[in-house]
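Worksheet: one structure, shown below.
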Amino acid sequence: MLAAVFKGKHQIAVEEVPVRQPEPDEIVIKVAACGVCGTDLHIYHGDQGAADCQPGTVLGHEFAGTVTQVGSAVTRLKIGDRVSVDPNDYCGACYYCRNGQANFCENMIGIGTTTHGGFAEYCTFKAKQAYKIPDSLPLELAAMAEPVGCCLHGIDLSRIKAGSTVLIIGAGTIGLMMLQLAKQSGAARVVVIEPIVEKHTPAYALGATLCINPKEIDPAVAMLEQGYPPVDVSIECVGLGATVQDAIRLCGKGGTVMMFGLTPPDCEIALQPFDVFRRELHLTASFINPYTLQRSLNLIESGTIQIEPLLGARVALKDIAQVFEDPAYRKMGKILITP
Ligand SMILES: [Zn+2]
Ligand SMILES: [Zn+2]
Numbered sequence: 000m001l002a003a004v005f006k007g008k009h010q011i012a013v014e015e016v017p018v019r020q021p022e023p024d025e026i027v028i029k030v031a032a033c034g035v036c037g038t039d040l041h042i043y044h045g046d047q048g049a050a051d052c053q054p055g056t057v058l059g060h061e062f063a064g065t066v067t068q069v070g071s072a073v074t075r076l077k078i079g080d081r082v083s084v085d086p087n088d089y090c091g092a093c094y095y096c097r098n099g100q101a102n103f104c105e106n107m108i109g110i111g112t113t114t115h116g117g118f119a120e121y122c123t124f125k126a127k128q129a130y131k132i133p134d135s136l137p138l139e140l141a142a143m144a145e146p147v148g149c150c151l152h153g154i155d156l157s158r159i160k161a162g163s164t165v166l167i168i169g170a171g172t173i174g175l176m177m178l179q180l181a182k183q184s185g186a187a188r189v190v191v192i193e194p195i196v197e198k199h200t201p202a203y204a205l206g207a208t209l210c211i212n213p214k215e216i217d218p219a220v221a222m223l224e225q226g227y228p229p230v231d232v233s234i235e236c237v238g239l240g241a242t243v244q245d246a247i248r249l250c251g252k253g254g255t256v257m258m259f260g261l262t263p264p265d266c267e268i269a270l271q272p273f274d275v276f277r278r279e280l281h282l283t284a285s286f287i288n289p290y291t292l293q294r295s296l297n298l299i300e301s302g303t304i305q306i307e308p309l310l311g312a313r314v315a316l317k318d319i320a321q322v323f324e325d326p327a328y329r330k331m332g333k334i335l336i337t338p
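Quick note: numbering that gives the first Met the number 0 has the sequence shown finishing at residue 338, numbered continuously throughout.
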């Protein structure tokens, strides 16, 4: 089969590799679509992202497909079943797993980061990581269960209440998922800060009540002019020091600042503890997607959140290198790799 192998910093190669035969508790799926994630880009650029990745690994962890083989001990799935994938396998035995914090598992195995992933025609992995989906759900949408699951964990930690005012910084794929999840969590007003004004249209369509171009006006002034109450929750979805500082600055007293965007590992920001004290800010972040994949699929399957408007170009697996090399793809919505 063809697979996109990470070869080292700034090197990804599409190669012919064997399909690994399943162990008794594993399945093989034919991949239908696999999203390109910021984590893949971090790995490609040699940064330490959410996961350590060794050269020789097939990348891709946001995918869905159809079961083509099942191991001898697999009873819950059969050939032909359509599934979405939770890429993370937790050991269940380390301190954090036993403490209900599986996302900090000390022996975590990640499909597409520590083992071969979904930028391939086929993928072999543990059956317990597959979530069966209904026939009516397109596989491209099911492939987005992982990023939505990551956003859900962030939303769970953001302390949104019915009636909250939520600020989202960045209207990329993650920002638009967060926007919808904030609405579903009861936010009465959702403000989106995004300098690329073309992105305001989908943001309004998905429920934003106010979109602000920060190059034109200070968002604090814009919200005041529109009669907005203080921000209860600000969610940073860009991953830059400057926008993290905006998230802190624009949050109201007693509010939560969710630092969701992945910053470069060496990024530092200036912070006045006295200011955090005076405003009693809750500064927090969110790491991967512990046990959120089923709820994520529930939201996607039921149409409670919309995925279609977030999808950008579909790129053939053989052409995957250009997605990593050409920054123009960063502005095109979620890129899906299709074998
Ligand atoms: Zn991802
Ligand atoms: Zn563990």
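Ideal Cβ positions, reconstructed from N, Cα and C, are used throughout, including at glycine.
All values reported here derive from a predicted model rather than from experimental measurement.
Spatial neighbours of residue i within its chain, please: C-beta separation below 8 Å, excluding the five flanking residues on both sides.
i, result
"G185", "I159, K160, A161, G162 and S163"
"N288", "D85, N87, N102, E145, G148, C149, L151, H152 and S295"
Compute every distance between the C-beta of residue i and the non-hydrogen atoms of ligand 2, then say whether any falls below 7 Å.
i, result
"Y290", "no"
"E235", "no"
"N419", "Look at the range of the chain in this structure, 0 to 338, and you will see that residue 419 is not part of it."
"G99", "no"
"G37", "no"
For residue i, is the classification buried or exposed, using 16 other Cβ atoms within 10 angstroms of its Cβ as the cut-off for buried?
i, result
"T74", "exposed"
"I195", "exposed"
"C122", "buried"
"C266", "exposed"
"L223", "exposed"
"F62", "buried"
"I216", "exposed"
"G171", "buried"
"E197", "exposed"
"G45", "exposed"
"L270", "exposed"
"P21", "buried"
Can you check DSSP and say which residues form a bridge with residue i?
i, result
"S233", "L166 and V256"
"C210", "V191"
"G64", "V30 and V82"
"N87", "G109"
"Q10", "G7"
Among the residues of its own chain, which have a CB less than 6 Å from the CB of residue i, if the five just before and after it don't count?
i, result
"V4", "A12, E14 and V57"
"P201", "P308"
Rounding to the nearest angstrom, what Cα-Cα distance links residue i and residue j in this structure?
i, j, result
"G79", "F124", "16 Å"
"V147", "R294", "9 Å"
"F103", "D85", "15 Å"
"V314", "G260", "25 Å"
"I299", "P133", "11 Å"
"T303", "K131", "19 Å"
"D24", "E145", "22 Å"
"I26", "Q53", "23 Å"
"Q183", "K330", "26 Å"
"T114", "A219", "45 Å"
"E120", "V35", "15 Å"
Relative to ligand 1, is the shortest distance from any of its heavy atoms to the C-beta of residue i smaller than 7 Å?
i, result
"E139", "no"
"H346", "With the chain covering only 0 through 338, there is no way to say anything about residue 346."
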